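Same order as they appear, the protein sequences are chains A and B. The first sequence maps to residues 1 to 578 in full-length UniProt numbering. The second sequence maps to residues 1 to 578 in full-length UniProt numbering. Ideal Cβ placement from N, Cα and C applies to all residues, glycine included. Model, not experiment: these values are computed from the prediction. Read through the structure below, which is laid out as structure tokens, and then see the notes.
Number of protein chains: 2
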Amino acid sequence: MRASRFFISTLKEAPSDAEIVSHQLMMRAGMIKRLGSGIYTYMPMGLKIIRKVEAIVREEMNQSGAVELLMPLIQPAELWQETGRWDKMGAELLRIKDRHGREFAFQPTAEEVITDVVRSEIKSYRQLPLNFYHIQTKFRDERRPRFGLMRGREFTMKDAYSFDRDLAGMQASYKVMYDAYVRIFNRFGLKFRAVAADNGAIGGTGSHEFHVIASTGEDALVYCPTSDYAANMEAAEALPVNATRPAAAQALTKVATPNATKCELVAEQLKLPLAQTVKTLALTVEHERDGKLTKQYFMLLLRGDHELNEVKLGKVPGLAAHRFSTEEEILEVYGTVPGYLGPIGTKAPVTVVADRSVANMADFICGANDAGYHYTGANWGRDTAEPSLVADLRNVVEGDASPDGKGVLAIERGIEVGHVFQLGTAYSEAMKATFLDENGKPAPLQMGCYGIGVTRILGAAIEQNFDDKGIIWPAALAPFALVLCPMGMDRSEAVKAATEQLYAEALAAGIDVILDDRGHRPGQMFADWELIGVPHRVVIGDRGLKEGNLEYQGRRDSEATAVPVAEALAFIKGKLAQ
Amino acid sequence: MRASRFFISTLKEAPSDAEIVSHQLMMRAGMIKRLGSGIYTYMPMGLKIIRKVEAIVREEMNQSGAVELLMPLIQPAELWQETGRWDKMGAELLRIKDRHGREFAFQPTAEEVITDVVRSEIKSYRQLPLNFYHIQTKFRDERRPRFGLMRGREFTMKDAYSFDRDLAGMQASYKVMYDAYVRIFNRFGLKFRAVAADNGAIGGTGSHEFHVIASTGEDALVYCPTSDYAANMEAAEALPVNATRPAAAQALTKVATPNATKCELVAEQLKLPLAQTVKTLALTVEHERDGKLTKQYFMLLLRGDHELNEVKLGKVPGLAAHRFSTEEEILEVYGTVPGYLGPIGTKAPVTVVADRSVANMADFICGANDAGYHYTGANWGRDTAEPSLVADLRNVVEGDASPDGKGVLAIERGIEVGHVFQLGTAYSEAMKATFLDENGKPAPLQMGCYGIGVTRILGAAIEQNFDDKGIIWPAALAPFALVLCPMGMDRSEAVKAATEQLYAEALAAGIDVILDDRGHRPGQMFADWELIGVPHRVVIGDRGLKEGNLEYQGRRDSEATAVPVAEALAFIKGKLAQ
């Protein structure tokens, strides 16, 4: 490709709404162009990268036995109503009425449509297993689109959907996709981590997220460096800090803690470690029975330095639908104000739910249910009843014991770019997608679904690979593998001849090369290609040619290397093969 | 590809809503699956063909210097309002409101977006010419979607948009695209014709349509077999049947023609040729001036056996906005009832507009403006004034003189699959898309646009290439080049070995081969592949193998040919190269 026939458009400054580095660099490198909030045109330089992502994904899907099809963007509301998601999806689902007033959705995902396709095509277990995928545009009407391709509204995803006759088959299909994802992310050349994830709203029996590691990532990834344990923060199990509860050593003492309504302030006032304090959260669960509203109260206890994990909380029996108690409720139930609650002296009907670490604490500090006072030296069993319920309620922290018992946990940041789900029969049952099994009996299809955020990969790859000059693409994703930068090609016959020869040789060798024939000054030319992030650059200039040399510089190299003209192609091939 | 790992689903009968053969065959061959009215899932067998179409289009676009990008599907209403098309497009434009109530369109085409991209990127004539294209989903909310992929609502098109500094540049860009289209349709292996077209609502200075020739085509294509003249029916110029008007030979005679309100009935009653009759159409044009409505009346005259061309009519000065006159108006203006109007004795203020052929008639038959009577032997100049206006008003018919004077016209049917337009500055002026010319003065960009209906190609190719067994794909578009049909692969080791060897050899030779390992009976297997339309088939059976042979049959062959096993691959390669 000659740059003059391509389209290159770079900016010195990123627009002010570009908050994160990948958004800034993609805008500056002319890879995307904003059309509206969360809606981008993929400019030639950006689309070329997207096509490379798609090609790798497609090859590995085909290799795994998945079959490509293409489902429509505009999907009838009726299908979404069958699974109840027409109502559940809320404002993120872009709803459309056609000229006849019929309702449709712009697909945010395609479980309903693929299940509809399969239920009419599959009659017998003999037709299974099946795995269909498509690479398609999606739309999610985010309330606050931002971060460029990382949280846009219109974006491209690959989604695969597997159909099996039983759980074991589905889990085997899941494993095939998981392995394909590992190959895909390895081929991208990105540092990534697969972590166990909570299934969340989509339902089903298991799932993993694939994250690109980046210090700017939105998600915390928990892993054990000495084992293969890995989970996202929602799913990472927190063991109690003390495996067993120490014996009580202190007497229960009520101490004045004026204005200390948070554990940090209590620890500071008492000059005691924050890890010795217990924080209390008051929750209310409302029940309606025979038209009458009743309320149930829960007291959650966490160590003062630990954070509540909302997903884990939602799984505690009876707490799926909860809210924080109001000040009025707290006053009524606990006889005090927020900030001074504690388990000692709570009356029925409060259910005390202690985090595992709190349940194994001794001599702890907690609110005295008396405004301005806390207890020190509090102990379970002696000063108050054992907690009604002990549960994993907190986020893990670095240094926690790994749940597999094989080391301690570390945490790093990641960007979610892939997600594999064991869906089970959630969709097939709702949509009556059945097949006849070996005994001629109808059974619901066992499903899995597997997504990769194609356009999001670009943003994530940049967040992982950039410097102050611009993007540093891994080889597999670079828009061009090699750029040739002639110095004064229009003035020097020698430069022109050497450039054209190397360009022809590189093309003949199948190298994805771009020749910068725009005639720009060297400074601007180099700045453009460093910003765009092409991995390999060769400069052809009269000064070097006089000594028979070209200048090679890798995008991560701090200096250029002189390479004899005759050896240039072999040298470049060697670099590309690394 | 092994059929067991692909997805093949054929039907004996087409669904009742499939009215045309391409729709029926694509449904039966499992290439598309209906999701809603005019909305289809492209099943694996269909998508594979679409990808082949896209690949050819992409190669030729790149080869022509066009650069690929991808514009969003969801486009802000504001851009469409700038060109006025938000209002003009009517119900075909799918309008969408997002969660914040902002208005968007699902793209039916992308002139507005590309012009918006270019106006912010292009500053100087030095950056021109440019040609951007994208292959993208479109949506047109057809009132009555039908014919499968031929008139669907959601479909795929390639659209290219060229930007030039002046008219000559734009016309050069247009020529490059026109030539690329010729190469594309040649590579598809389809019989096609490029015809001059009317620019219609899109505006601009010139356009051509590319049609796939098919007897079932919706459009009439006019061409001259002895020259390169070709136009669609709207644009084909009709010369007068008589180059000059013959002298009057008959006396004007008023004859009774009871109940003969149409030329056919008059000719029948009078036993005179239909080509001697003149039919009259009464039109009204309304003008509003200073809040007062005035009406202008036009009498159109066509030869009795000719058809009115609405597009030509719309171009007659003063007739851009017209309607047929009401019975009341006819009675008031002409003093008679419809069916008996004629030019003789019409009073002012009627403007008589005669088709060129009518203007050169002598001794013609026309209404007498008296219910139940016609004139014979009517002559211009002698019996009535010359027509106020002579214009080309009719559709050409076979045998008409070609407008280039190089022969006579023929007509064939076609399906429009491509359209190239010289847009000029219609969009760039509306959207203020200017560049600085050599003198530093802002000038509007000269634009062209170039579309190919990617999914429509499939339907058109089938309408041109089918028989009673199914589809007959041209080699370039076939989902697979070759199918291997083993007879009893699970029973015979010899069949299995010969099949697997040929399959491996074909794959190694880069042939797009599918091995039908589904274990179906021969009859069903052959019927499936004839329906799907794979061009080349090899049957591997014990009977043939005993004599060292395989059986080859091309999709258009009436019989199979025995081919020695050892020569099979070379034989197939020879067939593929034809």
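Per-residue burial, residue i [other beta carbons within 10 Å of its own, 16 or more giving buried]
i             : result
HIS100/A      : exposed
GLU463/A      : buried
GLU209/A      : buried
GLY459/A      : buried
SER428/B      : buried
residue 597/B : In this structure chain B extends from 1 to 578, so residue 597/B is not present and cannot be described.
LEU302/B      : buried
GLY405/B      : exposed
ASP490/A      : exposed
ASP290/A      : exposed
LYS279/A      : buried
PRO317/B      : exposed
THR455/B      : buried
GLN63/B       : exposed
Min CB distance residue i to chain A below 8 Å
i        : result
GLN63/B  : no
ILE74/B  : yes
PRO246/B : no
MET71/B  : yes
THR41/B  : yes
SER124/B : no
ALA121/B : The amino acid at residue 121/B is misidentified as Ala; the sequence shows Glu. GLU121/B counts as touching chain A.
ILE482/B : A small fix is needed here, since residue 482/B is Leu in this sequence, not Ile. No - not a single Cβ of chain A is within 8 Å of the one on LEU482/B.
LEU130/B : yes
ALA14/B  : no
Cβ of residue i within 8 Å of any chain B Cβ
i        : result
LEU94/A  : yes
ARG99/A  : yes
ALA180/A : no
ARG5/A   : yes
PRO44/A  : yes
SER9/A   : yes
VAL67/A  : yes
LEU47/A  : yes
ALA91/A  : yes
Residue i, enclosing beta strand (DSSP E) - first and last residue
i             : result
residue 581/B : Because chain B in this structure spans residues 1 to 578, residue 581/B falls outside the shown range and cannot be described.
residue 587/A : This structure cannot settle anything about residue 587/A, because the visible part of chain A is limited to 1 through 578.
ALA577/B      : That residue, ALA577/B, is in no beta strand (DSSP E); its alpha helix (DSSP H) goes 568-577.
GLN553/A      : 549-554
LEU484/A      : 482-486
LYS138/A      : 130-139
GLY377/A      : 373-378
VAL353/A      : 350-355
Start-to-end residues for the alpha helix (DSSP H) that takes in residue i
i        : result
GLU332/A : 327-334
GLU429/A : 426-430
GLU500/B : 493-508
ASP542/B : 542-546
VAL117/B : 111-121
ILE8/B   : No alpha helix (DSSP H) contains ILE8/B, which DSSP labels as neither H nor E.
PRO522/A : 522-532
GLU310/B : 310-315
Could you list the residues in the stretch 137-167 of chain B with a C-beta less than 8 Å from some C-beta on chain A, going in chain order? Under the 8 Å Cβ criterion, the stretch 137-167 of chain B contributes THR137, PHE139, ASP141, ARG143, ARG153 and GLU154.
Fully enclosed by the stretch 30-80 of chain A, which alpha helix (DSSP H) runs are 4 residues long or longer? 44-63
Positions along the stretch 103-116 of chain B whose CB lies within less than 9 Å of some CB in chain A: PHE104, PHE106, VAL113, ILE114 and ASP116
Would you mind listing the beta strand (DSSP E) stretches within the stretch 141-207 of chain A that are 3+ residues and don't spill past its ends, in chain order? Residue ranges of uninterrupted beta strand (DSSP E) with 3 or more members, entirely inside the stretch 141-207 of chain A and ordered along the chain, are 154-164 and 192-196.
Residues within the stretch 26-37 of chain A neighbouring chain B, beta-carbon criterion of under 7 Å: Residues of the stretch 26-37 of chain A with a C-beta less than 7 Å from any C-beta of chain B: LYS33, LEU35 and GLY36, listed in chain order.
Check distances from the C-beta atoms of the stretch 420-450 of chain B to those of chain A and list, in chain order, the residues that come in under 9 Å. none
List in chain order: all unbroken alpha helix (DSSP H) runs of 4+ residues lying wholly within the stretch 236-278 of chain B. 263-270
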